[in-house]
Structures are given as C-alpha cells and as structure tokens.
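Colleague: First residue of the first sequence? That's 19 in this note's numbering, and the numbers climb one at a time after it.
All C-beta atoms in this analysis are idealised placements derived from N, C-alpha and C, irrespective of residue type, glycine included.
Remember, it's a predicted structure, so these values are computed and weren't measured experimentally.
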Amino acid sequence: MPELPEVETIRRDLHAHLCGSTIHGLSVVHPGVVLGTPETFTDAVVGRRIVGSGRRGKVMWLDLEDGHAIAIHLRMSGQALLVDEGAPRPPHTHLIADLGGRRALLYVDPRRFGRLEIIDPCAPQASVLLRNIGPDALSADLCAETLRTAAAGRRIGIKQFLLDQRFISGIGNIYAAEILHRVPLGPATPAGRVTRAEMERILEQTHAVLGEAIAACGTTLADARYRSALGRSGEFACMLRVYGREGEPCRTEGCTARIQRRTSGGRSTYLCPACQRAGRRRRA
DNA sequence: AAGGCTACCTGTTCGC
DNA sequence: TGCGAACAGGTAGCCT
Ligand SMILES: [Zn+2]
19 MPELPEVETI RRDLHAHLCG STIHGLSVVH PGVVLGTPET FTDAVVGRRI
69 VGSGRRGKVM WLDLEDGHAI AIHLRMSGQA LLVDEGAPRP PHTHLIADLG
119 GRRALLYVDP RRFGRLEIID PCAPQASVLL RNIGPDALSA DLCAETLRTA
169 AAGRRIGIKQ FLLDQRFISG IGNIYAAEIL HRVPLGPATP AGRVTRAEME
219 RILEQTHAVL GEAIAACGTT LADARYRSAL GRSGEFACML RVYGREGEPC
269 RTEGCTARIQ RRTSGGRSTY LCPACQRAGR RRRA
C-alpha cells in the first residue's frame, strides 16, 4: 500500500534514528520475505553499521559501511517499524534486526508480498528490486519530454502509464488518481495521445501532490494500516480530492459534480466526471 | 512488443 | 449471526 510519500516518510524516520547504529543480530522468521538465502542475508548485515539511506520510487535502502545496502520493498502490506527491544511483536513479524540500545527494526507484512534484498546501490541493474524501476517521480532529471517519448504509441490509459514503475517510479493507485484529477485529465486518456502541455501539467501536479503528501507524512486511510517507522499516522487522507470519495462532492472550486468510482483491470479508480470529462481537455 | 490476465497472500468489510 | 464474495495502497510472470 505504501506509495512514494509513505516510503519517503519511513526512510526519513529510519535515517534519523539508525544512522550510526550497528546491526548486532538478525533473525529471519519467514525466509520467503528475503531474496537469496537467509544465511547470506544475515552474514551480509550482522556486525555492520548503517551509514546512510536512499530511495528510488517505492524501494528504499539502508546503506551499510561496506558499500552494500539493505533494500526494502513494502508492496501491499509491509511495514518497517522501529520498536523497543522488549515491545510485543505484532503478528506477521517476519524479520527482526537487533540494533543495540534496546532497539529493534521489525519487518511486518501480513500478505508477505514485500521483499528485502542485499544490494549494491551503485549497481541497480543487478538488483531484483531495482532493475525495473525507472526514474523517481521527484527526480530533477525527469522531464515531461522524456515521459512523452516513453508514452509515444502506447494505447494504455494515462493512469496505467503513471502506475508503470519503468516509466516513472513511486506513483501508486491513490496518488495517480489525485494527480489526474488536479491536471485535470481522464484516467483512460490514451498515454500516447497526451499532449506536451498536458504532460508538463502531469509532472507539475505529480510534484505538487507528492510534495504535499510527504509534508503530511503520507496517507493513513480509515483502516489505519500505514504507519511510519515510529508508528505515526500520515495526515494526507483528509486532503484527498477523489480517492475513496465515491458519491461525495467534487472539491474543485465551482464544480457541483460527484466523484465516481470505476473499475478497470481489477483496480478501482476515482474521478470527477465533470472536471475530467473526455473532450474537455484544457488547452495549454 | 504492448497489453491483458493471473498469481502471490491475509485481513476486513459488505451483501444476503 | 453466519458466510461467501468483494476488495485492499503492488508487481512479476505468463500468454497472446
Ligand atoms: Zn469536479
């Protein structure tokens, strides 16, 4: 469930609290969450100090002093939690890192879709978690023209395009819907037919939405499943304009329409039928 | 090669 | 209250 803002919030927590800490011990409770063998993983981290962190899209990593790093992809239900050594362990705790000072880092993941991998951050192509991840949505190098080139000739909807981590990484189902409502542009607009001006607006709104969501420490929905590494909720849910708001009034100034939910390819999307009407595409 | 579908998992909520 | 169905913030791997 975590998208870029939630992963970035967690990374910042971990960075602030773990830099300089040494991993004294590691227990892999469920081997399936680790890429490679648990023994290899354990050998790579035990006794090593954490010296930094990084992130691309929804993948984050903790740099170790020897140049390797622990990469984490939380997928649908993963959590990285920094807890007191003696605190009770939540159900579905699959990995425990002993950090000394009575602290532990837990990897908790009910659905077990998430993965951890020892990587060399300088060689992302060699990493299973990173090799298909394109430029970060907030990267200064990413420009609208690059996205237009990637979208050229594609008939998939622009929403599906934004969700494809090879083209732009970090956007998930919530923020894709929010970005397209703000542009505004219908989610089914063929990616290859998005104009230069529209792609520029998409990138602008991507920066705006993700930036605001990071400032709010991410989106914690009513089910309260997303928490930062320190267990804190995000505050962006009350700022959502379409996601999860089926039947509620559009929050665009002057718009009287109600938000609709549509399903395609097994996923829900939310939109305002008035603001995002096909054929009502704003001119540059 | 693009694009669509399914599998991977568990937990929660919804409709009857 | 019970019970199956639908749904959940993601993506890799197949197939056509
Ligand atoms: Zn509207």
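1. Any residue with its C-beta under 6 Å from a non-hydrogen atom of ligand 1 counts. Can you list them all in chain order?
2. Look at Ala303 and Ile137 and say whether their C-beta atoms are less than 8 Å apart.
3. What's the call for Ala34, buried or exposed, on a 16-neighbour Cβ count within 10 Å?
4. In the structure shown, what three-state DSSP assignment does Gln178 receive?
5. Give the straight-line distance between the Cα atoms of Gly284 and Arg120, rounded to the nearest whole angstrom.
6. Are the CB atoms of Thr207 and Gly175 within a distance shorter than 8 Å?
7. Find the nearest neighbour of Arg200 within the set Ala226, Phe179 and Ile189, judged by alpha-carbon distance.
8. Could you please give the first and the last residue of the uninterrupted alpha helix (DSSP H) stretch that includes Gln223?
9. Leaving out five residues before and five after Ala115 in sequence, what residues of the same chain have Cβ atoms less than 6 Å from its Cβ?
10. Which residues mark the beginning and the end of the alpha helix (DSSP H) in which Ile197 is found?
11. Please report the distance separating the alpha-carbon of Cys256 from that of Glu230.
12. Would you kindly check if the distance between the Cβ of Tyr288 and the Cβ of Glu24 is under 8 Å?
13. Take the Cβ of Gln183 as the centre, count every other Cβ of all protein chains shown within 10 Å, and call the residue buried at 16 or more, exposed below.
14. Run through DSSP, which three-state label would Ala302 get?
15. With a threshold of 8 Å on Cβ separation, who are the neighbours of Val64 within its own chain once the five nearest residues in sequence on each side are excluded?
16. Taking 7 Å as the cut-off, is the beta-carbon of Leu181 closer than that to any non-hydrogen atom of ligand 2?
17. When we look at the beta-carbon of Val146 and count the other beta-carbons within 10 Å, is it buried (16 or more) or exposed?
18. Between Val126 and Leu99, how many whole angstroms is the CB-CB distance? I'm expecting something under 8 Å.
19. Whole-angstrom Cβ separation of Ser303 and Leu32, contact assumed at under 8 Å?
20. Rounded to whole angstroms, what is the Cα-Cα separation between Phe185 and Ala169?
Modeller: Result, derived from the coordinates:
1. Listed along the chain, these residues meet the criterion: Cys268, Thr270, Cys273, Ala275, Cys290, Ala292 and Cys293.
2. What is shown of the chain runs 19 to 302, which leaves residue 303 out entirely.
3. Against the first sequence, residue 34 aligns to sequence position 16. It counts as exposed.
4. Working through the first sequence from its first residue, we reach residue 178 at position 160. In the structure shown, Gln178 sits in a helix (DSSP, three-state: H, G or I).
5. Counted from its first residue, the first sequence places residue 284 at position 266. Counted from its first residue, the first sequence places residue 120 at position 102. Taking the straight line from one Cα to the other gives about 44 Å.
6. Indexing the first sequence from 1 puts residue 175 at position 157. Indexing the first sequence from 1 puts residue 207 at position 189. Cβ atoms of Gly175 and Thr207: closer than 8 Å.
7. Counting from 1 along the first sequence, the entry for residue 200 is found at position 182. That would be Ala226, whose Cα lies nearest to the Cα of Arg200.
8. Here the question's residue 223 lines up with position 205 in the first sequence. That run of the alpha helix (DSSP H) goes Arg214 to Ala233.
9. Position 97 of the first sequence holds residue 115. Closer than 6 Å at Cβ, skipping near neighbours: Ile41, Leu44 and Leu123.
10. Walking along the first sequence from the start, residue 197 turns up at place 179. That run of the alpha helix (DSSP H) goes Asn191 to Arg200.
11. Locating residue 256 in the first sequence gives position 238, where the first residue counts as 1. Locating residue 230 in the first sequence gives position 212, where the first residue counts as 1. The straight-line gap from Cα to Cα measures roughly 12 Å.
12. Taking the first residue of the first sequence as position 1, residue 24 is located at position 6. Taking the first residue of the first sequence as position 1, residue 288 is located at position 270. Cβ atoms of Glu24 and Tyr288: not closer than 8 Å.
13. Taking the first residue of the first sequence as position 1, residue 183 is located at position 165. Looking at its Cβ environment, which holds 16 or more other Cβ atoms inside 10 Å, Gln183 is buried.
14. Counting from one through the first sequence, the residue named residue 302 turns up at place 284. Its pLDDT being 45, under 50, Ala302 is placed unreliably in this model, and the value from its coordinates should be taken loosely. Ala302: coil per DSSP, three-state reduction.
15. Taking the first residue of the first sequence as position 1, residue 64 is located at position 46. Ile41, His42, Gly43 and Leu44, listed in sequence order.
16. Ligands in the displayed structure: ligand 1; ligand 2 is not one of them.
17. Position 128 of the first sequence, counted from the first residue, corresponds to residue 146. Its Cβ having fewer than 16 others within 10 Å, Val146 is exposed.
18. On the first sequence, position 108 is the one that residue 126 refers to. On the first sequence, position 81 is the one that residue 99 refers to. Val126 to Leu99, Cβ: 6 Å. Contact.
19. Any answer about residue 303 is impossible in this case: the structure gives the chain only from 19 up to 302.
20. Position 167 of the first sequence, counted from the start, is the residue given in the question as residue 185. Position 151 of the first sequence, counted from the start, is the residue given in the question as residue 169. Each residue's Cα considered, the two are about 8 Å apart.
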